[in-house]
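Below: the structure, in structure tokens.
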Amino acid sequence: MPTFTQENALSVLIIQQLVADWGYDLDIHGGMNVAALCTADCHYLVGGTLHQGHEPITKFYTARNERVAIQQKDGIRTQRHTITNHRMTFTDANNAAATFILVNYSGEGKAPILNLVGPTIVADCRMEFRRDADGEWRISLFDSTPLFIGNDPFLNASVVKK
């Protein structure tokens with residue numbers, strides 16, 4: 073059974089809040105503030121495509137939100153991310169990693185979304201974190217492996233590689 077030092081226990085809480093802030097930003101702001109949660113050299117993989125650094129991460133979410141505005145009913149997409157089975161490990165006092173399951177429910181238009189049969193996607197996720205020079209924990213890597221993919225053409229276009 074892993075044992076945490078008192079410092080690691082505090083870091084776990086801070087990092088769990090960071091992950092919650094990440095999910096909240098995806099749901100409420102379409103990911104437009106995600107880059108601020110990441111290190112300057114963050115490796116951010118979505119659908120097998122690497123977006124490295126703040127500018128590419130912001131460009132990814134800007135392009136996604138532009139697609140939402142054009143392709144989704146009333147230019148709106150409602151989504152919620154559930155993060156569960158969160159497990160933390162530490163390499164040292166300034167480097168950590170988390171694995172978790174991400175369950176996403178989403179659909180086009182304003183809430184409530186009717187006739188949703190199940191999650192849009194369920195994925196195994198890995199994040200790595202680094203304490204930056206300012207003492208703040210930030211995401212240095214994000215990657216996910218889809219386990220279950222629902223029937224949502226908008227999402228499937230960005231995560232399913234043919």
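The sequence shown runs 73 to 234 under this note's numbering.
Built from N, CA and C at the ideal position, the CB exists for glycine as well.
**Asked** Quick one, are the C-beta atoms of Gly102 and Ile155 less than 8 Å apart?
**Response** no
**Prompt:** So Asn176 is in the beta strand (DSSP E); what residue range does that whole segment cover?
**Reply:** Asn167 to Glu180
**Asked** According to the Cβ coordinates, are Val84 and Met199 closer than 8 Å?
**Response** no
**Message:** One question on the structure: do Val111 and Arg210 come within less than 8 Å of each other, judged by their Cβ atoms?
**Reply:** Note that residue 111 is Thr in the sequence shown here, rather than Val. Going by C-beta atoms, Thr111 is nearer than 8 Å to Arg210.
**Request:** From the DSSP output, in three-state form, read off Leu85 for me.
**Result:** helix
**Request:** Leaving aside the five residues before and after Val140 along the sequence, list all residues of the same chain whose C-beta is less than 6 Å from its C-beta, in chain order.
**Result:** Arg149
**Prompt:** Would DSSP call Gln143 helix, strand or coil?
**Reply:** helix
**Request:** Have a look at Thr134, Asp224 and Ile173 and flag the residue whose alpha-carbon is nearest the alpha-carbon of Glu180.
**Result:** Asp224
**Message:** Is it buried or exposed, Phe164, if we count other Cβ atoms within 10 angstroms and call 16 or more buried?
**Reply:** According to the sequence shown, residue 164 is Asp rather than Phe. Classification for Asp164: exposed.
**Request:** Give the straight-line distance between the Cα atoms of Val246 and Ala195, rounded to the nearest whole angstrom.
**Result:** Because the chain in this structure spans residues 73 to 234, residue 246 falls outside the shown range and cannot be described.
**Item:** Asn176 versus Phe76: straight-line alpha-carbon distance, rounded
**Value:** 30 Å
**Request:** Go ahead and pull the three-state DSSP assignment for Pro184.
**Result:** coil
**Prompt:** Hey, how far is the Cα of Ala168 from the Cα of Phe162?
**Reply:** 4 Å
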